[in-house]
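Undergrad: The following block contains the structure, expressed as structure tokens.
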Amino acid sequence: MPASDLAVEERPSTSLTKPVVNDFSIQVATVNGSGSQTANLVLLRSIFQMGVPVSGKNLFPSNIAGLPTWFTIRANKDGYIARKKEIDVLVAMNAETAREDVLGLRAGAVVVYDEPLKLDTVRDDLIFYPVPFDTLVGEVSRDVKLRRRVRNMIYDGVLAKLFGVEIDEMEKALRKQFGTKPKVVEINREALDVGYAFADAKLEKRDHFRVEPMEGNQGRILIDGNAASAVGCLMAGVTVVAWYPITPSSSLCETLISYLRRYRVDKKTGKATFAVVQAEDEIAALGMAIGGGWAGARSMTATSGPGISLMGEFAGLAYYSEVPCVVFDVQRVGPSTGLPTRTAQGDVLSTAFLSHGDSRHPLLFPCSPEECFEMAISAFDLAERFQTPVFVLSDLDLGMNTWMANEFEYPDKPMDRGKVLDEDTLERIGRFGRYRDVDGDGITYRSIPGTSMPAYFCRGSGHNEWGQYSERSDDYKKNVDRLTRKFETARNWMPAPIVEINRKARIGIVAYGTTHWAVVESRDQLVAEADLQTSYYRLRAYPFRSALASFIERHDRVYVIEQNRDAQMSTLMRIELRAELAGRLRSVLHYSGEPIDARSITDDVLIQEGYRVEYSAFSGAVPQDAGVGGE
Amino acid sequence: MPASDLAVEERPSTSLTKPVVNDFSIQVATVNGSGSQTANLVLLRSIFQMGVPVSGKNLFPSNIAGLPTWFTIRANKDGYIARKKEIDVLVAMNAETAREDVLGLRAGAVVVYDEPLKLDTVRDDLIFYPVPFDTLVGEVSRDVKLRRRVRNMIYDGVLAKLFGVEIDEMEKALRKQFGTKPKVVEINREALDVGYAFADAKLEKRDHFRVEPMEGNQGRILIDGNAASAVGCLMAGVTVVAWYPITPSSSLCETLISYLRRYRVDKKTGKATFAVVQAEDEIAALGMAIGGGWAGARSMTATSGPGISLMGEFAGLAYYSEVPCVVFDVQRVGPSTGLPTRTAQGDVLSTAFLSHGDSRHPLLFPCSPEECFEMAISAFDLAERFQTPVFVLSDLDLGMNTWMANEFEYPDKPMDRGKVLDEDTLERIGRFGRYRDVDGDGITYRSIPGTSMPAYFCRGSGHNEWGQYSERSDDYKKNVDRLTRKFETARNWMPAPIVEINRKARIGIVAYGTTHWAVVESRDQLVAEADLQTSYYRLRAYPFRSALASFIERHDRVYVIEQNRDAQMSTLMRIELRAELAGRLRSVLHYSGEPIDARSITDDVLIQEGYRVEYSAFSGAVPQDAGVGGE
Amino acid sequence: MPTATPSPKKKKVNRIGLELPIYRGSKTTLCAGCGHNAISERVVDACFTMGIQPDRVVKLSGIGCSSKSPAYFLGSAHGFNAVHGRMPSVGTGAMLANKDLVAIGVSGDGDTGAIGIGQFVHLMRRNLPMVYIIEDNGCYGLTKGQFSPTADVGSTLKTGVVNDLAPIDTCALAIELGATFVARSFSGDKKQLTALLKAALSHRGIAMLDVLSPCVTFNDHEGSTKSYSYAKSHEEPIEEIDFVPYFEDITVEYEPGTTREVTLHDGSRLFLKKLDEGYNATDRAQAMRVLRETRARGEFATGLVFVDPVAEDFVTSLNLVDEPLASLSEGRVRPSRSVLDDIMGGLR
Amino acid sequence: MPTATPSPKKKKVNRIGLELPIYRGSKTTLCAGCGHNAISERVVDACFTMGIQPDRVVKLSGIGCSSKSPAYFLGSAHGFNAVHGRMPSVGTGAMLANKDLVAIGVSGDGDTGAIGIGQFVHLMRRNLPMVYIIEDNGCYGLTKGQFSPTADVGSTLKTGVVNDLAPIDTCALAIELGATFVARSFSGDKKQLTALLKAALSHRGIAMLDVLSPCVTFNDHEGSTKSYSYAKSHEEPIEEIDFVPYFEDITVEYEPGTTREVTLHDGSRLFLKKLDEGYNATDRAQAMRVLRETRARGEFATGLVFVDPVAEDFVTSLNLVDEPLASLSEGRVRPSRSVLDDIMGGLR
Ligand SMILES: Cc1ncc(C[n+]2csc(CCOP(=O)(O)OP(=O)(O)O)c2C)c(N)n1
Ligand SMILES: Cc1ncc(C[n+]2csc(CCOP(=O)(O)OP(=O)(O)O)c2C)c(N)n1
Ligand code: SF4
Ligand code: SF4
Ligand SMILES: [Mg+2]
Ligand SMILES: [Mg+2]
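Protein chains in written order, with the numbering used here: chain A, 1275 to 1905; chain B, 1275 to 1905; chain C, -14 to 333; chain D, -14 to 333.
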């Protein structure tokens, strides 16, 4: 362990002398239901269109209208798109939080604000740009209703002028949003222009942030993870979808429904190649997916934590009676209802062991829209190959925020429907035994109702290899041992980890899902700030591959970085690893509900590595009460 | 690790030369619904009354009538009451299984059988006693209906004569059973006499098993674990019971109801100091227990695996909103419906982490009726002290089988109602904050509805220490960190382990619940057969005490012995232990659905310790098909 | 299975050329005399007579003695013995996967009325094409006799607990929720039950049959409205733990429009009132009224209580392609490369 | 809270000497114009007027916009915002623990009709003493507008999905299940709703109120039976992601026996038919008939639809001691040493 101490300083993302190009974050503080989402997405998209890597994260309350909401855009030429704690530019539209928002900024930050809020009296170490929104909106429209709706577009105009976002890109982005509604585009464009003109005339540029066109985003799209999963399901050929609304998973199914209605209805007959049911609850949703899977459909459901908790009994049934189905869990902050509009990776452990008795489930961990897409497809293949429920653990940050992604690649492999009994197989294996391990891999053949193959009785109670009811010890043991064997077989079929070995590194990092993006940035910080080299193992599935142990073997200490309180993935790892390797594991845990950021990881790792760090590891982007420290 | 190999031989429990006194097992093979339960309990009880340590285990099918059932009585002067694999005496009453039952016996065993079954033709290395039950029952009664019902009592008479069980003890046992029904006692006594007379006249004693009176059972009772838990709940002052029937937990609530109706109804007014509801399902049952706990009652529910799986969402609510309640989980074999009438310890892991998000629950593990009683009382105290659901994990073997136990001791401590807000406390702490940690132990004060203390809003969503709704990161983190602290505090309040340190031992054994009894016997076998000294740590609760680590530290290897496939307790231990200690853990797993036996443990430990053992580790008491080996 | 060596005289076959034994299941493990067994036999009869293709049938159930029944009929059909009270959702999924299947669901009054009432409500409301049989004994047989939500007011358990709650009338509930075929019968009424099952199998939509089916072992309705305690003293000496007596099946036959009293094994009585031949089953309001009135008299109206032969069923309303979704080839369910391009285009 | 420095002119107090503000809750976070807010105000009025002791009240709810309401009334009462659809069981446990509590449950049509229908059925059947309000907007407000089981046939979502399923009539269902107080009202009908709430608070047993409560943000019933699409083209230019307009509360007043058409914020119409003054609410059959008939006309009957003032409630039927179970002292709930001896004696 390095003996030297190190005072880490945040690289200033702004300097007062030279321009900071394509490297800053803008936070828009508004009230939900006020229609700012359009303005924010247009801003995000226009920067994206200029070729600058961006991400957009929405911090919204669990209600429909009237409460504070923060939308943060990070533009970063180096492609760092994780959340960043520091806000460089604040657009303060919400009177209720404005003071606190401003107090939370670092010195030198920029504040664009609604003039009557008089925020310039709060601090004198910031750069203030007051904008008289109410006056300006009068120039756009006389109609009171309309005014309220385009008011937000004005700040886009202001920002365009201030930071050099091309106004035509903004109009293009507007068109993308409101393609079919020219009148809407028109009035919004007017608002943009009004803002732009105002800034041009009245605001003197005093900050150094600039957006400049670059070549960053060829072949890239902007999409949220839920939509990406939806495209994956569409392409996976899902046929039965049963769901129950719950934030943050609802948009997965809703987007999927839109795609299915568009692309999976026979043009000629108007008939659908899919069935979607909004079930009465999550228990029924999984029950329907199981019924569908048993009867041969590619079936799925999507939910979030509370739904997963309700699915326990049915998950055990599917595991033990070996019925394929896919369950998306777009994780949010628990326990219980918790913070339904905040992100977490908190369902890893309870989902891996979901259901009583010796139950165990494969989990997939997408980190990006591309992986949401690909893993959705893999999930169906794996579910049918292993005849078991497969859980895809996304999270709110991935599912509901807007991400850059490479365009998805059309699947190059045909669907894997697994070991479905047909006449040839029946001839080869002789007598059909639903739970008979003919191939020695723990996976048995299944017949599908309604095809004329031999039937069997599917049940959650004890059964022998012929599928008959049995309470015999030997039948029971043989069967559950085979299930263990099947799970072992699954290991090497799961998406492989992405491993980056750094020969100079004594330290390894393990992460999964959305934590990845902060890790990428943090690893660079560790090198830049403390010359700390790291290797990286990005887990993509459970059960783990044996490569995990080899990776840990190569390193003295391995940091498992995750977004939950209880070190859940690390726990799963400890269970499997040889003790000697388990002993090398350290944890970096982030569970504030906001997406993890690089700074938090870097500081935490450095402290654990024995460096002295000036920063406190935890401080959310949402400004914190003064008196309310951590523990 | 010892280098020497060792051929282990089962100590023959019978020899052909000298009598075997008070050390054998009798298995009665019948059909369920045929009324043999009475005869079996009378037999068990009369041996018990003679002062000989006994246990009675019923292996019954998951249906109501007409399927094979085996009842096994083990009498053992040394007090070993775990299941024993070898059967010394078979009473073969079931034509359907008789052949297989006989084939499964070791040479030299005794078979009492229904003459027409002609079992003496099956093997010639056994001692056969044919009994013409149908003829004999004619001597008892002419009434066809009655005949069918007392037929089984005849074998009790036969056994009484053959093995020296005192017939008057049998009558006493009969009276215990049918106290209020003299006619029933009378006709059963007649049947006993007929059997006895027959054996006296027609059977020549050719075996060496004998029951002799001893002084073993002073101050002892016979009881099943569910009844013991029920007595505990009664004494714990439970006031709200909500339940949904499920084997093997139903009898816990049903016995409790009987006790409550008898002892908790005001003699004068006829009014009850308890409320019991048969809920519509387990979700509602836990919901009611939570509502009751929140409103200040001592509330509970009891269920088994499938019920636990359904309770996931509510368990998380109770954890996070901090509502006390007690949940009994009488475990059966899973996953899913599994083998509902077989025993297991398979819900440890899923219950510890029950619910999504970072949820974690205290678990208690009774091993005996005494502990069912005591832990029921502790569970209510702990639930109210820690304001959290407490799970008592019993199992079918403990809950539904008949055990000897020391008479229960009247609770010497008053009830612990935990930190309930009253006027004095309010004055002391100043402003009431439902989730404010005034004492630094993570446990906060709660006010009870309907008392005139300040109210709060109980919720599963985010809240600050004042109990107000909050989505703030800092509030969230502070709160869940306090929950961790509370869980830490709970460690030292949990029932302490029972530890037996053997200074000569290099090897430790960890077990919990009913596994204990086989461990006791196995440790003696290990010494007797291989001179292998062991220390023993009997876990009684989760979270673990720090003593667990110290125990492991003292030993080179520690065997964790449990009745599930996935080494669930060992998993919980690995998560907490330093890697170096985790590395010393080994597992002995038994998951056949039958209670674990000493032989299986001894053999498994010896093999892992490098001895050569002639026995296969797995072979159930239920005879196994020839061609169907385990793995 | 048809024997390999054909027997000399021709066996009786149905319209699709199958013999009766094909429609049987494995040997029952329920108690002798249990009404559930009689119902299984009627399902066998009805399917045989209707010439139902066994390999198109899926048998579904929850958990309970009743829910074991599917193992005892149509042995060559696929079956799914799911979890307690949640079979409707499994059946829904299966029918979506393959709309050509014939779904026969068997549930108990506990499985349906207690833990399963939520899924029952939504199954009725959705009008899923499925025959849904409640084998209704007013108790939880498999867990040894506790009250179910169809237990009579005043029934008493061995613990002394008395049921104070009025029974749920699953027929009235189903009609209120929009079910399109609602019938009630008695397990021992061969003729009526077979006829109703045949009608149910012909109905496209949910066909709900509440079949009173005595539990000979536990449903001892002392003090209940539909029974009287009979010769209890006679029974005393034979009381014994764990003894399940052997009973003969009860069978009844009676004419439309008449009322018939059935004495159950424990001596309790059931009053069945068979609906008139002239009864118009398509009038929802009248159906509700008849149910209410007979119930008030302590009787059970039997027969086809309500039917709506024209309402669209759930699966049809989804306008699915003709081929079952489950067997659509990859080409039909995985959109082409151009579709993905199209989607990507919108996101660039 | 009463101010520390008493104001000069005497404040209006109710019969237990409390002022109105005591009955208020915290500031609402629901949308402006949401019917749920109006209902909270009526609860405040009713409790104030009735002189309900706030510290005897427990407010219970599930999850949804509606289920947030309890935070917005009776701030000094205990509240429990439980899990989605399962509040009835929590309320049941609470009432068992302390039968002196006054339980006010608030649920939504999704919370009650979908995930919670099972607990709803059993709550009604048990006749638990509790005021149970469904804030019924025909959609899932909090999760952004999906259909609930009370959505109208023909309603259309933005995804294009059309609701084909007939709505569940929670009033008819409750009556069928034996509920003893069943009413329907409209959030904007101050007078009727307050009166019904007061009656509900006086009822011992389950008092179920289905209160139509427009969701101004999502329940846009284009094409539904109870609405007509109005001036949709006017609206086009203002359509925008994430914009929730601000609306005024709708209030209506109309006379018993009359029908009133209410135009909702989206232009859809609701037809309310207030029950006659002469209407006899104690006749279950008539209540069901009236519900069915008005429904067939596309109207909602409002008022007290059914009441059974004498039926025993669940808690009473348990014959509990007078003092709440929750506050019984150790001496009353832990039996004496001799009881344990007695039990042990039977097991020796
Ligand atoms: C989740 C769950 N809870 C409880 C049980 C236990 N259980 C099995 S069958 C049954 C009741 C069956 O009653 P019913 O449906 O009426 O069927 P019957 O046996 O009377 O035919 C219960 C409670 C279970 N299997 N699963
Ligand atoms: C188990 C579970 N599933 C889903 C959700 C998500 N959810 C929250 S509120 C709601 C529906 C609310 O609808 P309703 O009860 O009608 O209330 P409204 O918002 O319309 O007033 C849903 C599905 C949840 N919180 N918990
Ligand atoms: S217990 Fe009752 S329901 Fe179950 S099989 Fe026996 S008679 Fe039938
Ligand atoms: S979304 Fe609808 S139900 Fe929810 S608060 Fe707004 S108006 Fe009310
Ligand atoms: Mg039943
Ligand atoms: Mg609603």
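We put the beta carbon where it would ideally sit given N, CA and C, even for glycine. Small disclaimer: the values here were computed from a predicted structure and weren't measured.
Is it a yes or a no for the stretch 168 to 180 of chain D touching the stretch 279 to 291 of chain D, going by three-plus beta-carbon pairs under 8 Å?
TA: yes
Undergrad: Would you call the stretch 1505 to 1521 of chain B in contact with the stretch 1554 to 1562 of chain B, where contact means no fewer than 3 C-beta pairs closer than 8 Å?
TA: Counting Cβ pairs under 8 Å, three or more are found: they touch.
Undergrad: Is it true that the CB of ILE1338 of chain A sits closer than 9 Å to the CB of CYS124 of chain D?
TA: no
Undergrad: Could you tell me the alpha carbon to alpha carbon distance between LEU182 of chain C and MET35 of chain C, rounded to whole angstroms?
TA: 10 Å
Undergrad: Looking at the secondary structure, which residues open and close the alpha helix (DSSP H) in which MET80 of chain D lies?
TA: 72 to 82
Undergrad: With a threshold of 8 Å, are at least 3 pairs of Cβ atoms found where one atom belongs to the stretch 1673 to 1682 of chain A and the other to the stretch 1583 to 1600 of chain A?
TA: Contact between the stretch 1673 to 1682 of chain A and the stretch 1583 to 1600 of chain A is absent, because fewer than three Cβ pairs lie under 8 Å.
Undergrad: Quick check on DSSP: helix, strand or coil for ARG322 of chain D?
TA: Three-state DSSP puts ARG322 of chain D in a helix.
Undergrad: Which residue's Cα is closest to the Cα of ARG1422 of chain A: A:ASP1430, A:PHE1407, A:LYS1435, A:LEU1436?
TA: Among A:ASP1430, A:PHE1407, A:LYS1435, A:LEU1436, the Cα nearest to that of ARG1422 of chain A is on A:PHE1407.
Undergrad: Using only the alpha-carbon positions, how far apart do ILE1703 of chain A and VAL43 of chain C sit?
TA: 25 Å
Undergrad: With a 10 Å radius around its C-beta and 16 neighbouring C-beta atoms as the bar for buried, classify ASP1498 of chain A as buried or exposed.
TA: buried
Undergrad: Alpha carbon to alpha carbon, how far is MET1444 of chain B from THR141 of chain C? Give it in angstroms, no decimals.
TA: 32 Å
Undergrad: Sorry if obvious, but does the Cβ on LEU127 of chain D come closer than 8 Å to a heavy atom of ligand 2?
TA: LEU127 of chain D Cβ: within cutoff of ligand 2.
Undergrad: Between the beta-carbon of LEU1223 of chain B and the beta-carbon of MET1427 of chain B, is there less than 9 Å?
TA: The requested residue 1223 of chain B does not occur in the structure, where chain B is confined to residues 1275 to 1905.
Undergrad: Among residues of its own chain, excluding the 5 on either side of SER1415 of chain B, which ones have a beta-carbon nearer than 6 Å to its beta-carbon?
TA: ARG1421
Undergrad: If contacts are defined as beta-carbon pairs under 8 Å, then GLU1868 of chain B and SER1747 of chain A qualify, I think. What distance do you get, rounded to the angstrom?
TA: 6 Å
Undergrad: Closest to ALA1618 of chain B by C-alpha separation, out of B:SER1820, B:MET1674, B:LEU1700, B:PHE1660, would be which residue?
TA: B:MET1674
Undergrad: Please state whether DSSP places ARG1886 of chain A in a helix, a strand or coil.
TA: coil
Undergrad: Could you give the distance in angstroms between the alpha-carbon of ALA1356 of chain A and the alpha-carbon of LEU1700 of chain A?
TA: 52 Å
Undergrad: Is there a Cβ of chain C sitting closer than 9 Å to that of VAL1600 of chain A, yes or no?
TA: For VAL1600 of chain A, no Cβ of chain C is located within less than 9 Å of the residue's own Cβ.
Undergrad: Just to confirm, does GLY10 of chain C get its C-beta within under 8 Å of one of the non-hydrogen atoms of ligand 1?
TA: Answer for GLY10 of chain C: no, Cβ out of range of ligand 1.
Undergrad: Could you work out which residues of chain D lie near MET273 of chain C, taking near to mean beta carbons separated by less than 7 Å?
TA: MET273
Undergrad: Between the stretch 100 to 114 of chain D and chain B, which residues of the former have a C-beta closer than 7 Å to a C-beta of the latter?
TA: GLY103, GLN104, HIS107
Undergrad: If you draw a straight line from the C-alpha of MET193 of chain C to the C-alpha of ALA184 of chain C, how long is it?
TA: 11 Å
Undergrad: Should VAL1879 of chain B and ILE1781 of chain B be called a contact, given that it needs their Cβ atoms to be closer than 9 Å?
TA: yes
Undergrad: Less than 8 Å between the CB atoms is what I'm expecting for ILE1870 of chain A and THR1808 of chain A, so what's the real figure, rounded?
TA: 16 Å between Cβ atoms; not a contact.
Undergrad: Based on Cα-Cα distance, which residue from A:PRO1769, A:ILE1651, A:LEU1638 lies nearest to GLU315 of chain C?
TA: Checking every option, the nearest Cα to that of GLU315 of chain C belongs to A:ILE1651.
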